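Quick note: the working numbering has the sequence shown finishing at residue 101, numbered continuously throughout.
Single-structure report; data block below.
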Amino acid sequence: MAKKAMIEREKKREKLVAKYAAKRAALKEIANDESKTMEERFTARLKLAKLPRNSSATRLHNRCQLTGRPHAYYRKLKVSRIALRELGSAGQIPGMVKSSW
């Protein structure tokens with residue numbers, strides 16, 4: 001049950017990142033612009049801090065679509081090494097030949 005919860009949580013984060021991407025980029029541009037006054041830059045930083053934490057792209061993780069596992073993730077297939085081995089053994093991945101693992 002926890003596996004599905006992590007996958008759903010990651011999907012929710014992806015939506016938040018997409019929703020706030022433009023706003024975050026604009027605020028970062030202001031905050032890092034040396035030509036702006038210190039007050040304007042500080043205000044932009046405060047507004048950036050008030051955005052939801054999960055709207056930051058650094059909070060996203062690559063997770064297995066089957067198990068929710070964040071480690072040993074194969075980007076092309078979007079599964080972890082464990083799920084890859086199980087699918088390969090079952091013959092569900094085209095072109096993958098089962099070897100003696």
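Glycine included, each C-beta is placed from N, C-alpha and C at the ideal position.
For clarity, every value in this text was computed on a predicted model and none was experimentally measured.
Just curious, the alpha helix (DSSP H) that T43 is in, first and last residue?
Here residue 43 refers to the residue found at position 43 of the sequence shown. Counting along the chain, the alpha helix (DSSP H) containing T43 begins and ends at M38 to K50.
Using only CA atoms, which one of E40, A57, A25 and E34 lies nearest to E10?
As a first step, residue 10 is located in the sequence shown; it is residue number 10 there, counting from the start. Here the closest residue by C-alpha is A57.
With 16 as the cutoff for other CB atoms within 10 Å, does E97 come out buried or exposed?
Translated into the one-based positions of the sequence shown, residue 97 becomes position 97. A small fix is needed here, since residue 97 is Val in this sequence, not Glu. By the 10 Å Cβ count, V97 comes out exposed.
Give a yes or no on whether the C-beta atoms belonging to L27 and K47 are separated by under 8 Å.
Sequence index remark: in the sequence shown, residue 27 carries index 27 (1-based). Sequence index remark: in the sequence shown, residue 47 carries index 47 (1-based). For L27 and K47, yes; Cβs fall inside 8 Å.
Where does V17 sit, in a helix, a strand or coil, going by DSSP?
By 1-based counting over the sequence shown, the position of residue 17 is 17. V17: helix per DSSP, three-state reduction.
Taking R13 as the reference, which of R85, V79, S80 and R59 has the closest Cα?
Mapped onto the sequence shown, residue 13 falls at position 13. Checked all of R85, V79, S80 and R59; the closest Cα to R13 is R59.
Keeping to the same chain, check which residues put their C-beta closer than 6 Å to that of L87; ignore five residues upstream and five downstream.
On the sequence shown, residue 87 is found 87 positions in, with the first residue counted as 1. Counting only Cβ-Cβ distances below 6 Å, and skipping sequence neighbours, we find I93.
Can you look up S80 in the DSSP assignment and give me helix, strand or coil?
Within the sequence shown, residue 80 is the residue found at index 80, counting from 1. Three-state result, S80: strand.
Would you report the Cα separation of Y20 and L84, rounded to the nearest angstrom?
Taking the first residue of the sequence shown as position 1, residue 20 is located at position 20. Taking the first residue of the sequence shown as position 1, residue 84 is located at position 84. Looking at the two C-alpha atoms, the distance is approximately 33 Å.
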